[in-house]
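Beneath this line is the structure, given in structure tokens, with notes to follow.
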Amino acid sequence: MTERKPPGVSYGSWVDRQIAAAEARGDFEDLPGAGKPLPPPTGRDAATDRMLRSAREGDIDRSAFLPPSLALPREIQDLPGKLAKVRSERKVREIVEDLNDRIRKAHALPQDGPVLRARPLDVEETVANWRAGRENAS
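Note that the working numbering has the sequence shown beginning at 96, numbered continuously upward.
Here it is in structure tokens:
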């Protein structure tokens with residue numbers, strides 16, 4: 096458990112003491128990236144810079160940064176490839192119904208970015224296409 100700030104001590108000096116104690120214990124030695132230069136600043140905050148680096152390195156799905164009006168159509172476009180890996184019809188229905196729920200919710204919310212033109216998918220038609228794809232692959 097972390098130590099609480101003692102009454103009457105400023106946050107700045109308390110934090111400085113915590114850092115000095117951690118340095119004395121060697122807590123900052125052998126950290127990943129030690130001795131490497133910092134990435135160039137982008138003018139954004141550190142959290143945004145970290146997320147952008149993670150996205151560039153492939154650690155985060157880039158569609159997470161898109162507004163729903165762009166992310167959902169992309170998800171619909173990629174859906175056949177995603178469903179091709181699914182083995183059960185029940186799971187296909189769950190995936191399509193989840194996508195349809197998110198499309199409906201996005202339409203109900205104020206639009207952020209371009210207008211969302213995607214409409215919910217026909218579950219039965221999507222399942223039939225999935226079945227046909229499985230039969231053709233066999």
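Backbone N, C-alpha and C fix where the C-beta goes; we use that ideal spot for every residue, glycine too.
By the 16-neighbour rule on beta-carbons within 10 angstroms, Leu133 is exposed.
Across the structure, Gly153 and Leu147 are spaced so that their CA atoms are roughly 10 angstroms apart.
Between the stretch 181 to 193 and the stretch 211 to 226, the count of Cβ pairs shorter than 8 angstroms is three or higher; the stretches touch. The straight-line gap separating the alpha-carbon atoms of Ala232 and Trp225 is approximately 11 angstroms. Counting the other Cβ atoms within 10 Å of the Cβ of Ile198 gives 16 or more, which makes it buried. Counted as a single uninterrupted DSSP element, the alpha helix (DSSP H) harbouring Lys200 occupies residues 184 to 203.
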